[in-house]
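Notes follow once the structure below has been shown.
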Ligand code: HEC
């Protein structure tokens with residue numbers, strides 16, 4: 035495992051320059067992003083084409099050869115969701131443990147992206163994933179993608195209003211504050227250039243993030259809106275640092291040791307919209323605490339100990355929320371080849 039600390043100053047630098055009002059060079063897709071995709075991903079992720087007399091299809095039904103395709107994806111995964119690092123497939127698959135079946139590029143099929151390169155992708159997505167006029171391959175672009183459905187702007191507006199409200203009267207953290215926490219391994223970025231609102235993750239070294247790393251973020255507690263702790267070593271003890279963050283809208287606790295006890299402390303969250311508990315040990319008792327967080331709109335509970343009845347009860351308490359519970363396997367049982375699907379990465 036590479037040490038995460040050498041990369042910390044990179045994101046800090048990015049942030050400080052934007053704070054200082056120095057004209058911040060926005061990520062240039064064609065210069066900073068496209069070459070990464072072309073060299074590491076495109077071989078397997080371009081539209082149907084002939085190779086050695088054989089028709090080749092994009093692997094995993096994911097194409098990265100056109101701007102529209104980045105935003106479309108397959109049935110489950112969208113490579114890029116602008117402003118949303120957690121939901122963006124290209125970040126998910128490049129930050130998985132290297133032995134995961136879905137880690138990209140697949141083992142032995144190319145060099146993994148470096149933390150620096152992943153940071154570049156993330157910054158570009160947080161900035162809004164501007165393709166800078168690049169369209170790429172338009173073959174196969176569905177007609178509806180030309181004029182996106184009208185519901186998108188509405189959601190966008192709701193989202194923008196919330197962040198506007200949260201930013202009101204808030205000062206960006208001082209350089210001094212940022213320096214103080216600079217050694218914790220956290221990667222910190224402003225949501226937008228000049229915004230006092232912060233996105234924090236530990237993707238450069240999830241195993242180095244523990245309860246103390248979270249306590250160390252306390253000087254930034256008023257500014258943190260996105261907190262990605264997926265696969266880190268945090269426990270219930272981290273909850274007392276998390277509850278101190280009044281503007282938190284997104285919390286990712288996937289595959290952590292958080293339990294019902296820790297969730298109990300989060301029940302007072304005022305602005306939490308998104309909560310991911312995938313792969314944790316939480317049970318229906320934890321859901322009772324979540325029922326009190328009326329701002330929740332997306333809750334992920336797959337691969338936990340919750341029951342269908344517990345999820346149904348939570349749905350009743352949070353009628354506006356989209357809640358994804360454990361997948362129920364109904365008869366007939368899955369065929370053996372379906373169970374194997376996803377394991378093979380040919
Ligand atoms: C050698 C071929 C190869 C390369 C190179 C490659 N991929 Fe993949 N990719 C695959 C295959 C095969 C799948 C389908 C895996 C599966 O469904 O289990 C896939 C699936 C995906 C998915 C969808 C995962 C899902 O959950 O549906 C994404 C996103 C993805 N790749 C992104 C990338 C990115 C980003 C890169 C470059 C950093 C990359 N891939 C490089 C072969 C490749």
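In this note's numbering, the protein residues as written are 35 to 380.
Glycine included, every Cβ here is placed at the ideal spot set by N, Cα and C.
As the structure is a computational prediction, the values presented were derived from the model and not from experiment.
Annotation for residue 85: the continuous beta strand (DSSP E) segment containing it runs 83–85. According to DSSP, residue 88 shares a beta bridge with 85.
Counted as a single uninterrupted DSSP element, the beta strand (DSSP E) harbouring residue 223 occupies residues 221–224. In terms of side-chain proximity, the C-beta atom of residue 138 is found nearer than 7 Å to a non-hydrogen atom of the ligand HEC.
Taking all protein chains shown into account, residue 204 has fewer than 16 neighbouring C-beta atoms within 10 Å of its C-beta and is therefore exposed. For residue 108, the distance from the CB to the nearest heavy atom of the ligand HEC is below 7 Å. Approximately 5 Å separates the beta-carbon atoms of residue 79 and residue 96; this is inside 8 Å, confirming the contact. Pairing residue 333 with residue 355 gives a Cβ-Cβ distance under 8 Å. DSSP lists 284 and 332 as the beta-bridge partner residues of residue 308. At a Cβ-Cβ threshold of 8 Å, residue 104 and residue 92 do not count as neighbours.
In the assembly as shown, residue 83 is an exposed residue. Its beta-carbon has fewer than 16 other beta-carbons within 10 Å.
Restricting attention to alpha helix (DSSP H) runs no shorter than 4 residues, the segment 134–163 encloses them at 149–160, ordered along the chain. Distances from the CB of residue 113 to the heavy atoms of the ligand HEC include at least one below 7 Å. Taking each of 274, 273, 100 and 142 in turn and checking the Cα distance to residue 175, the smallest one comes out for 100.
With a cutoff of 7 Å, residue 75 counts as near the ligand HEC, since its C-beta is closer than that to a heavy atom of the ligand. Taking a cut-off of 8 Å for Cβ pairs, the segment 267–286 and the segment 210–225 do not touch, as fewer than three such pairs fall below it. By DSSP's assignment, residue 209 forms no beta bridge with any residue. Across the structure, residue 315 and residue 357 are spaced so that their CA atoms are roughly 17 Å apart. A distance of 8 Å or more separates the beta carbons of residue 98 and residue 125. A distance below 8 Å separates the beta carbons of residue 300 and residue 323.
Going by C-alpha positions, residue 286 is about 11 Å away from residue 234. The ligand HEC has a heavy atom closer than 7 Å to the beta-carbon of residue 78.
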